[in-house]
Amino acid sequence: MDSKTAAHPDAAGTAASEAAASPAPATASAGPFPMRNPAGGELLDDVTATAPSAIAAMVASARAAQAAWAAVPIRERAERIAKVKKRLLARAEEIAALLHHECGKPIEEAALAEVLPNADLVDYWTVSIEELLDESPVDLDALAYPGKVGRIRRDPRGVVALITPWNYPVAIPLRTIVPALLAGNAVVFKPSEVTPRAGALVASLFDGLLPEGVLTVAQGGGDVGAALIEAGVDLVVFTGSVATGKKIAVACAERLIPTSLELGGKDSAVVLSDCDLERAARGVVWGAFTNAGQNCASIERVYVEQAIADRFIARVVALTGQLRAGVDVGAMTTARQAEIVRRQLDAAVERGAEILAGGAPEAGSLAFPPTVVMIEREDTPLLQDETFGPILPVIVVESAEEAIARTNASRFALTTSLWTRGYERAHALARRLRSGVVTINNHGFTGALPAAPWTGTGDSGHGVTSSPHALAELTRPRFVLEDRSRAKSELWWYPYTPSLRTVAFAMARARGGAGFFGRIGALVELVAAFARRLLGR
Ligand code: NAD
Numbered sequence: 004m005d006s007k008t009a010a011h012p013d014a015a016g017t018a019a020s021e022a023a024a025s026p027a028p029a030t031a032s033a034g035p036f037p038m039r040n041p042a043g044g045e046l047l048d049d050v051t052a053t054a055p056s057a058i059a060a061m062v063a064s065a066r067a068a069q070a071a072w073a074a075v076p077i078r079e080r081a082e083r084i085a086k087v088k089k090r091l092l093a094r095a096e097e098i099a100a101l102l103h104h105e106c107g108k109p110i111e112e113a114a115l116a117e118v119l120p121n122a123d124l125v126d127y128w129t130v131s132i133e134e135l136l137d138e139s140p141v142d143l144d145a146l147a148y149p150g151k152v153g154r155i156r157r158d159p160r161g162v163v164a165l166i167t168p169w170n171y172p173v174a175i176p177l178r179t180i181v182p183a184l185l186a187g188n189a190v191v192f193k194p195s196e197v198t199p200r201a202g203a204l205v206a207s208l209f210d211g212l213l214p215e216g217v218l219t220v221a222q223g224g225g226d227v228g229a230a231l232i233e234a235g236v237d238l239v240v241f242t243g244s245v246a247t248g249k250k251i252a253v254a255c256a257e258r259l260i261p262t263s264l265e266l267g268g269k270d271s272a273v274v275l276s277d278c279d280l281e282r283a284a285r286g287v288v289w290g291a292f293t294n295a296g297q298n299c300a301s302i303e304r305v306y307v308e309q310a311i312a313d314r315f316i317a318r319v320v321a322l323t324g325q326l327r328a329g330v331d332v333g334a335m336t337t338a339r340q341a342e343i344v345r346r347q348l349d350a351a352v353e354r355g356a357e358i359l360a361g362g363a364p365e366a367g368s369l370a371f372p373p374t375v376v377m378i379e380r381e382d383t384p385l386l387q388d389e390t391f392g393p394i395l396p397v398i399v400v401e402s403a404e405e406a407i408a409r410t411n412a413s414r415f416a417l418t419t420s421l422w423t424r425g426y427e428r429a430h431a432l433a434r435r436l437r438s439g440v441v442t443i444n445n446h447g448f449t450g451a452l453p454a455a456p457w458t459g460t461g462d463s464g465h466g467v468t469s470s471p472h473a474l475a476e477l478t479r480p481r482f483v484l485e486d487r488s489r490a491k492s493e494l495w496w497y498p499y500t501p502s503l504r505t506v507a508f509a510m511a512r513a514r515g516g517a518g519f520f521g522r523i524g525a526l527v528e529l530v531a532a533f534a535r536r537l538l539g540r
């Protein structure tokens with residue numbers, strides 16, 4: 004398929020006809036600033052980069068549009084955004100073809116990871132948003148706070164800057180755009196400069212559904228992302244590398260802008276001797292090589308217990324050997340990333356690692372074969388840093404204890420999988436892991452579950468994607484108290500008198516600051532002090 008057509012907002016009939024009602028989400032530009040694809044170097048003459056100088060105006064229009072959007076009843080917002088599901092599904096083949104072209108993904112992988120879960124995502128949020136945003140009452144003690152009723156509302160943050168990476172350029176943005184818009188925010192979306200067409204496609208799914216300015220796309224690189232933060236947004240939702248995440252955290256800290264940071268990973272799979280070996284081997288091979296390993300939750304370390312190590316490794320090597328280049332495992336997306344992977348592999352081999360399957364391709368090639376490496380020493384970048392490529396290091400351990408200790412020693416802690424038939428023990432081990440997601444006998448796929456929080460700690464960042472926990476980041480609580488008391492004054496209002504002091508300390512004793520007899524005495528004192536207080540003494 005011609006990628007220009009694929010990225011065009013009107014490529015699907017459904018989208019085009021529904022778009023007639025109101026304008027498409029804008030791609031602001033002071034352009035033309037033609038972009039060059041960093042992956043292939045080709046000139047993207049159908050994608051216009053946004054000038055950093057145009058960003059402030061873009062954020063101002065988003066801010067103006069947001070107030071009106073937040074006033075649209077939640078149900079109506081949900082009805083509009085629910086239409087995105089049909090558009091996504093109707094354009095499944097077009098989306099998969101674009102991702103195949105722009106990122107090198109196998110078509111099946113693109114459809115399974117970047118189209119179908121998004122339909123669930125739209126369903127989940129549009130069906131549950133009214134309930135999730137519903138006001139909740141706060142219980143107030145009627146004696147201490149007579150006539151008062153408190154409620155918590157969840158209000159939108161305002162303008163959300165969404166800055167995303169290239170590895171899942173459709174699914175990752177949608178996981179924030181859908182709930183952020185439903186919550187009443189405006190979103191300025193900056194896709195990765197590596198996948199601008201996928202970014203344009205994501206925005207086109209909302210054509211004609213939103214008032215102008217509610218969803219805008221800023222195309223370009225880090226300078227455009229930085230300008231977005233400088234423009235004074237109300238929340239930055241970032242998914243990307245640790246290095247960029249730290250820069251964004253600093254820029255946001257200077258402006259006191261709240262952030263959600265979803266960063267890198269160094270996931271481990273812990274394979275215990277009582278596992279279903281065939282399932283574990285198949286699951287680990289998929290978890291390591293899906294998306295050519297360019298996945299924050301890619302399995303980048305396997306700790307296998309000694310007792311089954313030989314059989315497990317032999318099976319993993321055999322399964323890896325069956326993977327077909329370009330069919331099961333796509334090409335890597337960027338030459339830069341392929342070079343990082345090659346350097347890490349070379350350094351590990353220099354330190355004694357043994358390549359059991361695959362191996363680095365010719366310099367400059369993006370077709371990095373799935374590679375299994377047997378390794379003992381952990382003091383090498385292949386086990387310390389994020390690899391983000393199709394390499395599976397296998398480490399034999401004495402026990403589950405050792406595997407958990409080694410897993411937790413990483414500065415990353417995103418997801419971990421435990422492979423065992425001993426579920427009770429697995430849950431006990433899961434409680435000791437640092438990672439934000441633990442899967443027992445599976446790996447990584449829970450990023451596709453809209454109701455399940457996706458989150459990490461340490462260098463994996465602190466953001467939360469999906470689930471009501473993510474909604475908590477996209478909104479802020481507003482507490483509203485209503486006082487229907489007929490009293491002319493509150494106990495704690497002026498003037499501060501001796502009787503008020505007596506009330507305060509008698510209350511402290513009555514509420515537990517004294518023993519049984521002390522409390523009885525305090526209650527007697529309270530009655531007398533209240534009476535004096537009412538008389539103004
Ligand atoms: P990256 O950090 O290079 O870029 C991410 C985004 O940040 C891009 O849009 C880029 O243009 C922008 N950017 C760069 N410099 C910026 C700056 N100074 N200010 C504002 N924006 C700036 O990351 P990448 O290479 O695109 O993505 C790969 C990384 O993403 C990996 O580390 C991977 O683990 C991580 N990732 C994490 C998750 C997760 O859920 N934790 C999911 C996917 C990817």
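According to the working numbering, the sequence shown is numbered sequentially starting from 4. Don't be surprised by glycine CBs; every beta carbon is placed ideally from N, CA and C.
Which runs of the alpha helix (DSSP H) fall wholly inside the segment 477–520 and span at least 4 residues, in chain order? 501–511
Using a Cβ-Cβ cutoff of less than 8 Å, which residues in the same chain neighbour A67 once the five nearest sequence positions on both sides are dropped? G216
Relative to the C-alpha of V307, which candidate in S402, S207 and L529 has its C-alpha closest? S402
Can you tell me whether DSSP reads Y171 as helix, strand or coil? coil
Sorted by chain position, which residues of the same chain lie with C-beta nearer than 7 Å to P480's C-beta, five sequence neighbours on each side aside? I155 and R157
Is F448 near the ligand NAD, with its Cβ less than 7 Å from a heavy atom? no
Would you decide whether Q325 is buried or exposed? Buried here means 16 or more other CB atoms lie within 10 Å of its CB. exposed
Using the Cβ count rule (16 or more neighbours within 10 Å means buried), how would you classify R160? buried
Rounding to the nearest angstrom, what Cα-Cα distance links A189 and A52 in this structure? 20 Å
Helix, strand or coil for V330? Go by DSSP, reduced to three states. coil
Pop quiz: S463 and G268 are said to be a contact at Cβ under 8 Å. What is the actual Cβ separation, rounded to whole angstroms? 6 Å
Beta-carbon separation (whole angstroms), Q297 vs T336, contact threshold 8 Å: 6 Å
Should Q347 be labelled buried (16 or more other beta-carbon atoms within 10 Å of its own) or exposed? buried
Taking 7 Å as the cut-off, is the CB of G153 close to at least one heavy atom of the ligand NAD? no
Return the residue from the list R514, G187, I175 and S271 that minimises the CA-CA distance to P3. Any property of residue 3 remains undetermined from this structure, which presents the chain solely from 4 to 540.
Compute the beta-carbon to beta-carbon distance between V273 and I407, rounded to the nearest angstrom, for a pair I have assumed lies under 8 Å. 7 Å
Report the rounded CA-to-CA distance for A300 versus G459, giving the unit in angstroms. 10 Å
Element boundaries [beta strand (DSSP E), containing L264]: T262 to E265
Evaluate contact between the segment 408–421 and the segment 445–460, counting only Cβ atoms and requiring at least three cross-stretch pairs below 8 Å. yes
Measure the CB-CB distance between R285 and L322 and report whether it falls below 8 Å. yes
Backbone secondary structure at G16 - three-state DSSP: Caution applies to G16, whose pLDDT of 31 falls short of 50 and renders its modelled position unreliable; the model cannot decide the point.
Using only CA atoms, which one of E485, V332 and A63 lies nearest to E111? V332
Return yes when the C-beta of T129 is under 7 Å from any heavy atom of the ligand NAD, and no when it is not. no
Taking only three categories from DSSP, how would you classify E196? coil
May I have a chain-ordered list of the alpha helix (DSSP H) segments no shorter than 4 residues that lie completely inside the segment 52–138? 58–74, 77–93, 95–106, 110–117 and 119–136
Nearest by alpha-carbon distance to G355: which of V50, A511, V181 and V376 is it? V376
Cβ contact (3+ pairs, closer than 8 Å) linking the segment 274–293 and the segment 379–392: no
Taking buried to mean at least 16 other C-beta atoms within 10 Å of its own C-beta, is S492 buried or exposed? exposed
Less than 8 Å between the CB atoms is what I'm expecting for V125 and I58, so what's the real figure, rounded? That belief does not hold up - the Cβ atoms of V125 and I58 are roughly 28 Å apart, past 8 Å.
So is the beta-carbon of C278 under 7 Å away from any non-hydrogen atom of the ligand NAD? no
For A164, which residues of its own chain have a beta-carbon under 6 Å away from its beta-carbon, when the five flanking residues on both sides are left out? V191, L231, V236 and V239
Compute the minimum distance between the beta carbon of W457 and the heavy atoms of the ligand NAD, and state whether it is under 7 Å. yes
What's the C-alpha gap between V530 and L503? 12 Å
Would the beta-carbon of A509 fall within 8 Å of that of A532? yes
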